[in-house]
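Just add 56 to wherever you are in the sequence shown, counting from 1, and you've got the numbering used here.
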Amino acid sequence: GLTMPASSYDGFVSAFEDATRASCDRTLFERTITTDGALAANEVVLSLIEAIDSHVWGQGFPAPLFDNEFVVVEQRLVKDRHLKLVLDLDGRVFHAIWFSRTEQVPRTVRLAYRPVVDDYLGERRLQLVIEHAAL
57 GLTMPASSYD
67 GFVSAFEDAT
77 RASCDRTLFE
87 RTITTDGALA
97 ANEVVLSLIE
107 AIDSHVWGQG
117 FPAPLFDNEF
127 VVVEQRLVKD
137 RHLKLVLDLD
147 GRVFHAIWFS
157 RTEQVPRTVR
167 LAYRPVVDDY
177 LGERRLQLVI
187 EHAAL
């Protein structure tokens, strides 16, 4: 713990921030996204998702996150809270959702995503859950 007079707090904060900036690599404070790389369009299949789902993932061992550059064919809001996308990867079309995202993305964009199975009305289909975009 640390005890100091309230009048010294602002000076302490300033000195602490200066010392941190001087001794730390600035890249430590930048957000980075680590992915498992790109997939070819023909690799994004239900059997891949089933293989991923057959493993246990958790803190320190996250499920695979992939990234590709897509052409955005269509985008719209769902329930005014989520961005629903139709994406083209090398001529193959994928449906995707980006939860809690309301801003549209450019026509061509690199996205980090997790492929999942979307069970809707008894139909299983592949869907990409978007987690990040390189804008």
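Quick reminder that beta carbons are idealized off the backbone N, C-alpha and C, glycines included.
Since the model is a prediction, treat every value here as computed from it, not as a measurement.
Leaving out the 5 sequence neighbours to the left and right, which residues in its chain are closer than 6 Å to F150 when beta-carbon positions are compared? Non-local C-beta neighbours of F150 in its own chain, meaning closer than 6 Å and more than five positions away in sequence, comprise L143, L184, ordered along the chain.
Would you say L95 and R170 are within 8 Å of each other, going by their C-beta atoms? The answer is no: Cβ separation not under 8 Å.
Starting from the C-beta of V172, find all residues in its chain whose C-beta is less than 7 Å away, skip the five residues before and the five after it, and write them out in chain order. The beta carbon of V172 lies closer than 7 Å to those of I105, Q183, V185 in the same chain, with the five residues before and after it left out.
To the nearest angstrom, how far is the alpha carbon of R148 from that of E179? Here the C-alpha atom of R148 lies approximately 20 Å from the C-alpha atom of E179.
Suppose contacts are defined by Cβ-Cβ distances below 8 Å. Is I108 in contact with H188 by that definition? The answer is no: Cβ separation not under 8 Å.
Cβ-based neighbour list, E86, same chain, cut-off 8 Å, excluding 5 preceding and 5 following: Within the same chain, E86 has no close Cβ partners at all.
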